[in-house]
Each structure stands twice: as C-alpha cells, then as structure tokens.
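Peer 1: Provided herewith is a single structure, encoded as structure tokens, for subsequent inquiry.
Protein chains: 2
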Amino acid sequence: MIGIRDIAYFIPEKRVSNYDKKEKFDITDEFIKNKIGVETVAVKELNDSSSSLCVKAFEKLQAKTGVDISEIEALIVVTQNPDFTIPQTSAIVHGLLDAPTHCASFDISLGCSGFVYALSILQSFMTANRMRKGLLFTSDQYSDIVDADDKNTTLIFGDAAAVTLLTDEPAYRSLDFSFGTIGKSHRELLCSDKTLFMNGRAIYNFACKVIPDDIRALLERNKLNTGDIDAYLFHQGSKFIVDTMTKRLELDSSKVVFDIYDYGNTISSSIPILLEKQPPAASGQKILISGFGVGLSWANAILERV
Amino acid sequence: MIGIRDIAYFIPEKRVSNYDKKEKFDITDEFIKNKIGVETVAVKELNDSSSSLCVKAFEKLQAKTGVDISEIEALIVVTQNPDFTIPQTSAIVHGLLDAPTHCASFDISLGCSGFVYALSILQSFMTANRMRKGLLFTSDQYSDIVDADDKNTTLIFGDAAAVTLLTDEPAYRSLDFSFGTIGKSHRELLCSDKTLFMNGRAIYNFACKVIPDDIRALLERNKLNTGDIDAYLFHQGSKFIVDTMTKRLELDSSKVVFDIYDYGNTISSSIPILLEKQPPAASGQKILISGFGVGLSWANAILERV
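Taken in order, these protein sequences are the chains called B and U.
Each residue of the first sequence is one higher than the one before, starting from 39 at the first, in the numbering used here.
Each residue of the second sequence is one higher than the one before, starting from 39 at the first, in the numbering used here.
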C-alpha cells in the first residue's frame, strides 16, 4: 500500500505585511486578523520559479529524511505557475535533482484542490506500475500574477512549495476520496494576461456550501461521524472560510487547524504544510483533508495514521 | 478492469501545404514525402482553443458511441496549450459539456508522451476510486506558437484533439507500461515568449536511441518478442524518426503505422488518432504504443485486444 511517508516545505523568507496596507485598502486590524487571517504574505525572490521552489523544498526533505533521489521512481509537480507551458515543470525538477532516467514524471494542473487530487493520482499510478518511492511536489507563486491594487488577492496569497514522499511504508494511508467540479463557474478564479482575478464572494459561497455537504457525504459512506475525525485540515482560503466551514459542519473548533497568519494562502501547498506541522498522531487516528478552489474544483479525503 | 472502450478525434479542416514552402526553405518533394512525411499540416480556426477542440472531438465520440455525459465520472485533459494557466482546461471542458458535478477533472501537462502516460494515470485513478466511465482528452494546437520562419517546426506540427473513452468494459486492456525522463535535456524542446524551439537533431537522437532500447526491455520483461506484437503505433514525430525506429528494432515494416502526410504531428493526439484508425483487431492481438518528446519524456505500453 502506497501512502504518505513524510513531508517538507519551503516558504520564502521575505514577508509583505498587510498592516502596511490598511490605509490603501481601508481595512482594520480586526479584518486582517479575524476575517482573512493573513498578517503577512510570503513572497519569493524575483529569480525564483516553480521549479526552484521545488528544489528548495526537496533539500529540506533530504535534510529531514535522508531520502535518496536515485531510488525515486515517480516525480510529479502540481502547479498552475509553471516555469514554461512547454516543457512540464516536473522535467525541469527531474533534471535539477538528477533523478534517474527511469523515473516517471508529469505535471498536474490544479489549484487549491491539487494536493488532495494528486495524492490519489500518484498513489494509484505508483500502485498500478509497481513503484515504491515517489515525490509529490506542489509549487505555486502567485506573487508573479497578483495585482498589487487588488484587495481580493494581494492580501491573501503567499508563495510556497512542498514535497510529499510517498512510499510503500507509509505513515498515513488514505481510506477514501471524493472529487467534484463545477466547470461552469471556472471564470470566478482565472488568470488572464498574467493577472489573477478572483470573485471572492463566489469562492466563499462555493467553499461554504458545496464542500461541507461533500464532506458529510464522504464521512457517511465510510460510516464515520464528524466526531470520529481527529483533525480537519481545510485548504486555508481565509479565516472566514475556515470558520464558516467549521460552523456549517458543527465541528469542535479545537480539531480545525488554521495556520496561515504568517505566510498566506499557498494554494496547492496549504494542506501539505498543515499536515507536516501536525503533532504525531496515534495509530488509527483520522485526519480529513479538503482542497477546493480554481476550476471550480474540489477533493476531500480521509487519512488514517498507520 | 478499466481500459480503452472507444476513441474519436477532431482534426481541423484547414490545411497549409508544405509544397508551397519549397522555395522558402529550399526543400524538395523527396524531403517532404520521405524525410518529414508531412505534406500538409492541419491548422485550427483562429478562435478555436484547446477546450473547443476537445468539445469538437467529444461531439464525434457522441455521434459514434452515443456516450452519455451524465455517466462520466472522470474527465482529464492532456495539453501544453491550455486556454489559460489558471484554471485548468479540464474545468472549462467540464462546463462546456455540462458534465456532472461529481465528475473528477484535472489537466496533465505533457507533450508527445502524454497519451500513453495519461492512459495509465486515468486507468489507475479510476480503478482506485471505483469509477466506471472516464474521458481522456488530448488537445494541442501548436499553430499558436510555431514560428512560420522556423523550418524545424512549421513544416511538422498540426492541430488536433482526441478523446478516449475508458470504461470497465474495454476493447483494449493494457498489459504493461514503462516510463522515463531525461530532464537535463528539457531545453531541447521548449516554448518561451510564446514561440516554440525544437532541436530536431537532439529529439531525433533521443527517439532513435533511447526509445527502441526501452521498448526491447519492456517486451523482454513481458516475455514477448518484437514479432509477438501485431502493430506498432509510434508517436508520429516524422517519417524519418519512425523509419529509423523501425530499423533499429528490426521490425517488419508492414506492422509499423505512419499516417500523418495529410495533417502533421499532432503531439499528444498522434497515438489515439492512429489507434482509432486501426482495423479491428482479433481478440488477443497486441499493439505497442510509444510516445516521446517534450521533457524529454517517454512512455511505452503494450495493449491487448480484449
């Protein structure tokens, strides 16, 4: 059985403070702390790219686990900010890490639902092809596409990359996944002419209506109650979104993690960052992960500590 | 078991003739017919995009099979020419086709190896998630990025999309796959500032040295000889590439398909187009499919007629 063995992430050191933008956007401390829940956003160096952030995340994984790149049989990158459209960023990362020639690699284009989707995709691809060690990178740097005058986006998004090591000796196995798409609403979160547009209200409604219903259905078909889950790691869209989801699902708020005050919404990396920061769970403990956003697209999953 | 049930494709009607470019590029009829093997390239209408080509391919599939979109549980698009970088093209196609909300969707960014990779990815994803019907789109339109003065690319690439219906009642099942990447060479085929660059010599060497060796190894580990394969569907890079691969593998040339005189190298769609055009195989007959290109990346697979 393939599952998550370990995770590492790279968040750039540079921060831009939302408190410095209070006058510009006519916002309060209360709005910053309790509505968006982002005090500073992480911003990459100008010469960093999707691939270089992946490499920096991998260096952290290597320091933490001693993982040997020569044993990696699959390497995928989830990004919507690729270095180029041609070639795929995974090939660039493959080259930079000196991965083996017989390592499979491909990119997945998804936004905030990307990690949960890719976990299922890579697990099942590795299982079907009898692979034992794989790397799942998530890497997005919205600082390249955010309009500094757009309150809806510039206060929210931070840059980061994460890398998740999947092996046949996992720390977490996945019990079940659910997926969905509302493609007709794809224009609510869109990047055109290198500038990001987000209809915050539409994304909020999507996150707070569709996702809780789907989580309830996923738990039900696995004969679980919300109380059977030990931690809820929702995509960190904003504090307001996470708080509303918590209320809609009537969750014990101590089980719901919110963590992005210091670095912002890091898109596909938000969930692996939370998961890496989780205190070690006891065997059998369950974590629900939920990614939703660009597409509009979502993926929910139940993980169990092995 | 999930596998290929049916395939349809859309090749735009408009053609540009390479015979009209003989003087400009100082090339002969012999070069056009026997070296590149492309007499005319297919070119999309200006307002067509990756997503609209997918929709046109789907209309053909629907006419051919009567497939009901409401039964589709997964929809993926392989493209390196997405409508936007954000959102994924699969979400746009999902909306245009009015696919169900509980249909999973994502994009895969790969070039000429994309179909073979995606076949394994979608089969294993559907199997793991207990899905019964899925659509695998391939859609690329290099006419948007080809430099009309670049002989290496403008004479070769054509626009197309294909859609492959995967179900649990397949016509072809896959026996085995192999994958590989030479990421250090990713600059040999690259699109920067919306213009494609290809080092034709490097791609030729890659295709004609690395791929035949990998095909031999794949056959060996499945205890098959080259003679046990009934048809070879190589990615249609050029006639010279396909002919050289045929020689290197010492194949009976009547088993090797070359088909792109009329429409060109359609990247990720080249193999599904060939597969759709194959005469109905007898049960147990085997087809080898081989995709290679951008990355540099490749995927080989052995299919068997059910």
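Note that the Cβ used here is the ideal one computed from N, Cα and C, for glycine as well.
Predicted model only: the values in this text are computed from it and were never measured.
Below 8 Å, how does it come out for the stretch 257–271 of chain B and the stretch 323–336 of chain B: are there three or more Cβ pairs, yes or no?
Peer 2: yes
Peer 1: Quick check on this structure: which residue in B/Asp-281, B/Ile-241, B/Ile-309, B/Ser-212 has the alpha carbon closest to the alpha carbon of B/Ile-40?
Peer 2: B/Ser-212
Peer 1: Could you tell me the distance, in whole angstroms, from the CA atom of B/Ser-347 to the CA atom of B/Lys-171?
Peer 2: In the structure as shown, chain B begins at 39 and stops at 344. Residue 347 of chain B is therefore absent and cannot be evaluated.
Peer 1: I need the straight-line Cα distance from U/Ala-200 to U/Gly-152, nearest angstrom please.
Peer 2: U/Ala-200 and U/Gly-152 have their C-alpha atoms some 12 Å from each other.
Peer 1: For a contact defined as C-beta to C-beta under 8 Å, what are the partners of U/Tyr-155 on chain B?
Peer 2: Ala-142, Phe-144
Peer 1: I'd like to know whether the C-beta atoms of B/Asp-145 and B/Thr-165 end up nearer to each other than 8 Å.
Peer 2: no
Peer 1: Residues of chain U with a CB under 9 Å from the CB of B/Val-332: which are they?
Peer 2: Ile-124, Pro-125, Gln-126, Ala-129
Peer 1: Let me see if you follow: with CB-CB separation under 8 Å, is B/Ser-119 close to chain U or not?
Peer 2: Checking the displayed sequence, the identity of residue 119 of chain B turns out to be Asn instead of Ser. Yes, because at least one Cβ of chain U sits closer than 8 Å to the Cβ of B/Asn-119.
Peer 1: Listing by chain order, which chain B residues have their CB less than 8 Å from the CB of U/Leu-148?
Peer 2: Gln-126, Phe-144, Asp-145
Peer 1: Taking C-alpha atoms, which residue in B/Asp-44, B/Leu-256, B/Ala-339, B/Leu-134 lies nearest to B/Ala-101?
Peer 2: B/Asp-44
Peer 1: At what residues does the alpha helix (DSSP H) containing B/Lys-59 begin and finish?
Peer 2: No alpha helix (DSSP H) holds B/Lys-59; DSSP gives it neither H nor E.
Peer 1: Look at the alpha carbon of B/Gly-238 and the alpha carbon of U/Ile-110, and state the distance between them as a whole number of angstroms.
Peer 2: 30 Å
Peer 1: Any beta carbon from chain U within less than 8 Å of B/Asn-159's own beta carbon?
Peer 2: Checking the sequence, you will find Ile at residue 159 of chain B rather than Asn. Yes, B/Ile-159 lies at the interface with chain U (some Cβ there is under 8 Å from its Cβ).
Peer 1: Using the Cβ count rule (16 or more neighbours within 10 Å means buried), how would you classify U/Gly-322?
Peer 2: exposed
Peer 1: Considering only residues of the same chain and omitting the five flanking positions on each side of U/Ile-130, which have a CB-CB separation below 6 Å?
Peer 2: Ser-89, Asp-121
Peer 1: Taking 8 Å as the CB-CB cut-off, is B/Ser-162 touching chain U?
Peer 2: Yes, its Cβ sits closer than 8 Å to a Cβ of chain U.
Peer 1: Nearest by alpha-carbon distance to B/Ala-142: which of U/Val-116, U/Thr-219, U/Asp-178, U/Glu-51 is it?
Peer 2: U/Thr-219
Peer 1: Would you identify the three-state DSSP class for U/Ile-194, choosing helix, strand or coil?
Peer 2: coil
Peer 1: Mind checking if U/Gly-221 is an interface residue toward chain B, Cβ cutoff 8 Å exclusive?
Peer 2: yes
Peer 1: So the beta strand (DSSP E) B/Asn-338 belongs to, where does it begin and stop?
Peer 2: 335–343
Peer 1: Answer yes if the stretch 112–120 of chain U comes into contact with the stretch 292–301 of chain U, meaning at least three C-beta pairs across the two stretches below 8 Å, and no otherwise.
Peer 2: no
Peer 1: Assuming B/Thr-127 is part of the alpha helix (DSSP H), what are its boundary residues?
Peer 2: 127–134
Peer 1: Can you find a CB in chain B that lies within less than 8 Å of the CB of U/Ile-137?
Peer 2: First, the amino acid is wrong: residue 137 of chain U is Ala here, not Ile. Closer than 8 Å: yes.
Peer 1: Less than 8 Å between the beta carbons of U/Thr-202 and U/Ile-42, yes or no?
Peer 2: yes
Peer 1: Using a 10 Å radius around the Cβ and a threshold of 16 neighbouring Cβ atoms, would you call U/Ser-230 buried or exposed?
Peer 2: exposed
Peer 1: Could you say if the stretch 282–294 of chain U and the stretch 54–63 of chain U meet the contact criterion of at least three C-beta pairs nearer than 8 Å?
Peer 2: Counting Cβ pairs under 8 Å, fewer than three are found: no touch.
Peer 1: Once DSSP output is grouped into helix, strand and coil, what is the label at B/Gly-238?
Peer 2: helix
Peer 1: Could you tell me the alpha carbon to alpha carbon distance between U/Asp-185 and U/Met-236, rounded to whole angstroms?
Peer 2: Their Cα atoms are separated by approximately 11 Å.
Peer 1: Which word fits U/Leu-84, buried or exposed, when buried means at least 16 other C-beta atoms lie within 10 angstroms of its C-beta?
Peer 2: exposed
Peer 1: What are the partner residues of U/Gly-302, as DSSP defines its beta bridges?
Peer 2: U/Gly-302 pairs with nothing; no bridge assigned.
Peer 1: Tell me the rounded alpha-carbon separation between U/Gly-104 and B/Ile-309.
Peer 2: One C-alpha to the other measures close to 40 Å.
Peer 1: Give the single residue among U/Ile-194, U/Phe-244, U/Glu-226 whose Cα lies nearest to the Cα of U/Asn-72.
Peer 2: U/Ile-194
Peer 1: Around the C-beta of B/Thr-191, are 16 or more other C-beta atoms found within 10 angstroms, so that it is buried, or is it exposed?
Peer 2: With 16 or more other Cβ atoms within 10 Å, it is buried.
Peer 1: Residues in the same chain with beta-carbon distance under 8 Å from B/Thr-66, minus the five sequence neighbours each way, listed in chain order, please.
Peer 2: Around B/Thr-66: Lys-60.
Peer 1: Taking only the alpha-carbon atoms, compute the straight-line gap between U/Phe-48 and U/Leu-312 and give it to the nearest angstrom.
Peer 2: Roughly 13 Å between the two C-alpha positions.
Peer 1: What are the start and end residues of each continuous alpha helix (DSSP H) run of 4 or more residues lying completely inside the stretch 141–228 of chain B, in chain order?
Peer 2: 152–166, 189–192
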